[in-house]
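Structure first, commentary second.
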Amino acid sequence: MKFFFLFVLFFVSIPAQSAKFKVVFINPGNPDQNTTGDFWSNVTLFMSAAASDLDIELVTYYAYRDHIFMKSIAEQVLIEKPEFVILVNEKDQALPLIKRLTSANVKIFSLLNRISKSDYAQLSKQQQSNIKGSVVPDNFGVGKKLLNGLLSTYNQASNITKPINLLALQGDYSTPASIAREQGLLSALSANNNINLIDSTVANWSSEQAYNKVKGIIKRTPIDIIWAANDPMAFGAKKAISELALSYPVVIGGINWDVENPKYPIALSFGGHVTLGAQAIIMLEGIHTNNLPVEQTNQKLDIFESSISSHHAKFSELLATKSIDEYDFSQFSYSTDKPLIFTIGNLLSTYGL
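So in the numbering used here, spot 291 of the sequence shown is number 381, and the numbers just go up one at a time.
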């Protein structure tokens, strides 16, 4: 079935005859919601809206979180003859795809997860010349912020002065974003002597796997805080806690700003990076027109905001209703005299313009 979907599940936002140039996005996720949430389908929504505003043709292929399948997409992508391909280094498996595409002189832009320096060194000079840029969020910072925010929430709700038992739910073993978020968590842990890390376990970004793991762990050991590398795992953890009907509170938080399941609300979420697909398109237009300085072609943005920020409610409302086309991404174009800096606040300020 996957090979069937390869040819039919794509979205073209701008007809080729009116577009400045063509971009293919190899989306590592799913086109709709599943146990890992709807983050990746929402990345495409933002990317498509930006492409529409900037007159860029965008074609998206989905890899269904199967990095092996993702490698097989290269030949179909070459048929599209895009100027740029946007890639995500899912599970640190993008290198073979990059080698194939850059050998055919396709230009590569990395989104959310870059390849490592050691992988880059494996490319020939000709292949390296086709690596044109990247945009990633500060995953280390958000891992740290999430734990500190959960500690603050826990301390406000509890008067008990005892060591805090922490459970961490990691995304996977190899994706750069997962590794960086874990490193941020460990950095925050090193500054807090009253926390016992009971377990740090991989749940593969999945609400179902998180649910099963939390249910097993908490039967053996009381847990006070659950740190999750994404919201679906946090929702799965909340479901497990709710069903166990514990006599004490457990503070749970995640990352994504996914639309919450009202049955299983979590205490805290950090998000905003779902918009970076749009920033990738904005940067590619700047690269194509030579309006983006070379020193700005690799960006690491502190895009994450918490669910208690003043922007969260409006942003989540618009995302829930898929009202992404009402943002004006042309305000961020490097072709304008004074492009807006890409932040959640500035994005919301363009809504309805």
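Quick reminder that beta carbons are idealized off the backbone N, C-alpha and C, glycines included.
Taking a cut-off of 8 angstroms on C-beta distances, the stretch 192 to 200 does not touch the stretch 352 to 366, as fewer than three cross pairs fall below it. For the stretch 346 to 381, the continuous beta strand (DSSP E) assignments of 3+ residues that do not extend past its boundaries occur at 358 to 361, in sequence order. The residues Pro-227, Gly-362 and His-363, in chain order, have a CB closer than 6 angstroms to that of Ile-393 in the same chain once the five nearest residues on each side in sequence are set aside. In the same chain as Leu-187, and ignoring 5 residues on each side of it, the C-beta atoms closer than 7 angstroms to its own belong to Met-160, Lys-161, Ala-164 and Leu-177, in chain order. Beta-bridge partners of Ile-331 (DSSP): none assigned.
Trp-295 is not a Cβ neighbour of Leu-236, given a cutoff of 8 angstroms. Fewer than three beta-carbon pairs drawn from the stretch 245 to 255 and the stretch 217 to 227 are found closer than 8 angstroms, and the two stretches are therefore not classed as touching. Judged by DSSP in its simplified three-state form, Leu-144 adopts coil rather than helix or strand. When the Cα atoms are used, Pro-383 and Asp-427 turn out to be separated by approximately 14 angstroms.
For Phe-230, same chain residues with a beta-carbon under 8 angstroms away, outside a window of 5 residues either side, are Ala-270, Arg-271, Gln-273, Gly-274 and Ser-277 in chain order.
In the structure shown, Thr-150 adopts extended strand secondary structure according to DSSP, grouped into three states. The shortest CA-to-CA distance from Asp-289 to any of Asp-209, Ala-211, Ile-313 and Ser-268 is the one to Ile-313. Nearest neighbour of Leu-148 by Cα position, chosen from Ser-406, Ser-214 and Phe-111, turns out to be Phe-111. Relative to the Cα of Ser-138, the nearest Cα in the group Thr-126, Asp-128, Phe-115 and Gly-344 belongs to Phe-115. According to the DSSP assignment, Asp-289 belongs to the beta strand (DSSP E) that extends over 285 to 292.
Spanning the alpha carbons of Leu-438 and Ser-131 requires a straight line of approximately 20 angstroms. For the stretch 158 to 215, the continuous beta strand (DSSP E) assignments of 3+ residues that do not extend past its boundaries occur at 174 to 177 and 197 to 201, in sequence order. The bridge partners DSSP lists for Glu-395 are Gly-361.
In the structure shown, Gly-119 falls within a coil segment according to DSSP collapsed to helix, strand and coil. In this structure, Ala-324 is the residue among Asn-283, Ala-324 and Pro-352 with its C-alpha nearest to the C-alpha of Lys-303. Around the beta carbon of Gln-386, fewer than 16 other beta carbons sit within 10 angstroms, so the residue counts as exposed.
In this structure, Ala-141 lies away from Pro-118, with their beta-carbon atoms at least 8 angstroms apart. Contact annotation: His-401 and Glu-407 have beta-carbon atoms that are not nearer than 8 angstroms.
For Pro-429, there is no enclosing beta strand (DSSP E), since its DSSP letter is neither H nor E.
Rounded to whole angstroms, the separation of the alpha carbons of Thr-125 and Asp-262 is 15 angstroms.
In terms of CA proximity to Thr-134, Leu-409 leads the group Ala-184, Leu-409 and Tyr-244. The residue from Lys-329, Ile-372 and Ala-335 with its alpha-carbon nearest to that of Tyr-354 is Lys-329. Gly-223 sits in a strand when the DSSP states are folded into three classes.
A straight-line Cα-Cα distance of about 12 angstroms links Ser-420 and Ile-146.
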